[in-house]
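Visitor: Got a structure for you, written out below as C-alpha cells; questions coming shortly.
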Amino acid sequence: MTATTDKLHGELITSIEPDFKLKDIIKSIPKEYFQKDPVKAWFGVITNILAVIAGYAMLVYSPWYLLPLAWIFTGTALTGFFVIAHDCGHRSFSNRPWVNDLVGHIFLLPLIYPFHCWRFLHDRHHAKTNMVTIDNAWDPWELEAFNSANPLVRLFYRGIRGRFWWLGSIAHWAILHFNIEQFKENEREKARFSMIVVLVFAAIFFPTLIFYTGVWGFVKFWVVPWFVYHFWMSTFTLVHHTDPDIQFSYPEEWNQALAQLEGTVHCSYPRWVEILCHDINVHIPHHISTAIPSYNLRKVHASLQENWGSHLKETKFSWALMKRIVDYCHIFDSETAYKTFKESRG
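Just so we're aligned: the sequence shown equals residues 1218 to 1563 in this note's numbering.
Okay, structure coming up:
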C-alpha cells in the first residue's frame, strides 16, 4: 500500500509514500462516478446549443453598446462547445467511438479546431503533465533554451508568459495543431482528415459569412467571439497547472500521481462561466482519470477533498491571481519552480 490515512482532530489526513501510484487515488473514487449517462451528456449538448443560439440572437438584436456583453456571453458559450468535444476526445461522452468522433468534429468546427490533432496532442499532456520539455501545455522554458532563442521568439515568449497570456492558446492552436510533424506515423491519417475537415469548413463558411454580412459581420459574429473563446481557453489552461508553488519536474524525477494530484489546480470562476463551460475548471478529477464525464467532476472533486484534501490546490479566479501568475511564472527553476525574467538575467 502506498497511501495511508489517519484521523487528526476529526479530519482525514492522507500521507503519501515514495512508491505512490495514480491507481491509489483512482481506487478511492466511487466507481459510479466513472459511469457515462447518455441523458446528461445529450442534455449538456442541447443546453449548450441553446446558449450559443441565444448568444447569436443577442449579437443580431443588441444595440452597439450591448455588443461587448453579447460577445462575452457568446464566446463563453462557444467555450462550452470545446468542452463537449473535450469529453469526446477522452471517450467520456459516449461508449461508441464513432459518436465521440462525430460529435467532437462537429463541435470543434466553429472554432476551426482539428479534432484528432487536438486529441492526440492533449493525450500527451495528460501522459506527461508538468514534465519539463515534454508537456506541451504551458511548460516553462529552461533558461538556456530562452537565452538561445532568437530575439523575436524571446519577445513572443515574454508576451505569452506576461500580459498577453490570453493569446497563448491561439499560438498553441496555430503552431502545433496544423503541423503534421507533431504526430506519430499511426496518427497522421486521422490528423490529416481532421485538418481537411476544418479547412474545408473554413473555406465554405468564412466566404459565405462575409458575403451575407460583410467584413463587419465576420468580425462581429466570428472573430470577436473566437477571441473570447481563446481568452477562456488560454486562462483555463494556464491556471490549471501554473502557480509559483507548482514545480515542473525532469523525467527522471517525475512522479505521475503527484504531478496530477498536486500539480493541477482547482480554480473557482463566476458560476455562470462554470455552467456554460461544463465545469472544466474542476480540473483535478480530470487529471486523476480522463474517463470521468464532465457532469461528474464536482462529485469526484468532493471525494478527493474528503480523501486527499491536504494535497489539493484550490484557488479563486481574480485579476490578482492572473497578475501573480504572469508576473512571476516565467522561467523554469529546478529549486524554486520559477524565476522571473528579471531574476533570470541576474
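Every residue gets a Cβ at the ideal spot worked out from N, C-alpha and C, and that includes glycine.
Determine, using beta carbons only, whether I1463 and H1483 come nearer to each other than 7 Å.
Guide: Here the question's residue 1463 lines up with position 246 in the sequence shown. Here the question's residue 1483 lines up with position 266 in the sequence shown. The answer is no: Cβ separation not under 7 Å.
Visitor: Which partner residues does W1358 have in the DSSP bridge list?
Guide: Counting from 1 along the sequence shown, the entry for residue 1358 is found at position 141. In the DSSP output, where bridge partners are listed per residue, W1358 has I1548.
Visitor: At the level of alpha carbons, what is the spacing between A1268 and T1291?
Guide: Mapped onto the sequence shown, residue 1268 falls at position 51. Mapped onto the sequence shown, residue 1291 falls at position 74. In a straight line, the C-alpha of A1268 is about 8 Å away from that of T1291.
Visitor: Excluding the five sequence neighbours on either side, which residues of its own chain have a C-beta within less than 6 Å of the C-beta of D1544, listed in chain order?
Guide: Taking the first residue of the sequence shown as position 1, residue 1544 is located at position 327. So the list is empty, once near-sequence residues are dropped.
Visitor: Going by beta carbon distance, what residues of the same chain come within less than 6 Å of F1558, once the five residues before and after it are set aside?
Guide: Taking the first residue of the sequence shown as 1, we reach residue 1558 at position 341. The answer, listed in chain order, is H1547.
Visitor: Rounded to whole angstroms, what's the CA-CA distance from R1313 to S1551? Just pull it up for me.
Guide: Against the sequence shown, residue 1313 aligns to sequence position 96. Against the sequence shown, residue 1551 aligns to sequence position 334. About 43 Å.
Visitor: Between the alpha carbons of W1439 and F1453, how many angstroms are there, rounded?
Guide: Within the sequence shown, residue 1439 is the residue found at index 222, counting from 1. Within the sequence shown, residue 1453 is the residue found at index 236, counting from 1. Those two C-alpha atoms are separated by around 21 Å.
Visitor: Pick out whichever of K1248, V1262, K1253 and S1245 has its Cα sitting closest to the Cα of C1494.
Guide: Translated into positions along the sequence shown, residue 1494 becomes position 277. The candidate whose alpha carbon is nearest that of C1494 is V1262.
Visitor: Pairs of beta-carbons, one from the stretch 1404-1412 and one from the stretch 1323-1343, closer than 8 Å: are there three or more?
Guide: Taking 8 Å as the limit for Cβ pairs, the verdict is that the stretch 1323-1343 does touch the stretch 1404-1412.
Visitor: Would you kindly check if the distance between the Cβ of W1382 and the Cβ of S1451 is under 7 Å?
Guide: Translated into the one-based positions of the sequence shown, residue 1451 becomes position 234. Translated into the one-based positions of the sequence shown, residue 1382 becomes position 165. Going by C-beta atoms, S1451 is nearer than 7 Å to W1382.
Visitor: In the DSSP output, what is T1532 paired with across the bridge?
Guide: As a first step, residue 1532 is located in the sequence shown; it is residue number 315 there, counting from the start. Paired residue(s): C1484.
Visitor: At a cut-off of 6 Å, is N1498 close to the ligand NAD when judged by its beta-carbon and the heavy atoms of the ligand?
Guide: The ligand NAD is not part of this structure, which contains no ligands at all.
Visitor: Rounded to whole angstroms, what is the Cα-Cα separation between F1299 and F1324?
Guide: As a position in the sequence shown, residue 1299 is number 82, starting the count at 1. As a position in the sequence shown, residue 1324 is number 107, starting the count at 1. One C-alpha to the other measures close to 7 Å.
Visitor: Could you check which residue in S1245, V1445 and W1433 has the C-alpha nearest to that of W1281?
Guide: Along the sequence shown, one-based indexing puts residue 1281 at 64. Among S1245, V1445 and W1433, the Cα nearest to that of W1281 is on W1433.
Visitor: Given this structure, state the Cα-to-Cα distance separating R1488 from A1366, to the nearest angstrom.
Guide: Position 271 of the sequence shown, counting from 1, holds the residue named residue 1488. Position 149 of the sequence shown, counting from 1, holds the residue named residue 1366. Their backbone Cα atoms lie some 41 Å apart in a straight line.
Visitor: Using CA coordinates, which residue listed in Q1473, G1480 and L1475 is at the minimum distance from T1459?
Guide: Within the sequence shown, numbered from 1, the residue matching residue 1459 stands at position 242. Taking only the C-alpha atoms, the option nearest T1459 is G1480.
Visitor: Hey, quick one: how far does the beta strand (DSSP E) through Y1564 stretch, first residue to last?
Guide: What the structure shows of the chain is the stretch from 1218 to 1563, and residue 1564 is not part of that stretch, so it cannot be assessed.
Visitor: Taking its Cβ as the centre, do 16 or more other Cβ atoms sit within 10 Å of T1425, making it buried, or is it exposed?
Guide: Residue mapping note: residue 1425 aligns to position 208 of the sequence shown, counting from 1. When all chains shown are included, T1425 counts as exposed.
Visitor: Quick one: what's got a C-beta closer than 7 Å to E1491's C-beta in the same chain, skipping five residues either side?
Guide: Numbered from 1 along the sequence shown, position 274 holds the residue referred to as residue 1491. Counting only Cβ-Cβ distances below 7 Å, and skipping sequence neighbours, we find N1498.
Visitor: Terminal residues of the continuous beta strand (DSSP E) containing A1554?
Guide: If you number the sequence shown from 1, residue 1554 lands on position 337. Counting along the chain, the beta strand (DSSP E) containing A1554 begins and ends at A1554 to K1556.
Visitor: Please return the same chain residues whose Cβ sits closer than 6 Å to the Cβ of Y1486, not counting the five positions on each side in sequence.
Guide: Residue mapping note: residue 1486 aligns to position 269 of the sequence shown, counting from 1. N1498 and F1534, listed in sequence order.
Visitor: Are the stretch 1341-1354 and the stretch 1463-1479 in contact at 8 Å, needing three or more beta carbon pairs?
Guide: The stretch 1341-1354 is in contact with the stretch 1463-1479.
Visitor: According to DSSP, what are the bridge partners of M1348?
Guide: Working through the sequence shown from its first residue, we reach residue 1348 at position 131. According to DSSP, which records beta bridges pairwise, M1348 is partnered with S1466.
Visitor: Determine whether the beta carbon atoms of Y1250 and N1513 lie at a separation below 7 Å.
Guide: In the sequence shown, counting from the first residue as 1, residue 1250 sits at position 33. In the sequence shown, counting from the first residue as 1, residue 1513 sits at position 296. Contact: yes.
Visitor: Is it buried or exposed for P1285, if we count other Cβ within 10 angstroms and need 16 for buried?
Guide: Counting from 1 along the sequence shown, the entry for residue 1285 is found at position 68. Exposed, by the Cβ-count rule.
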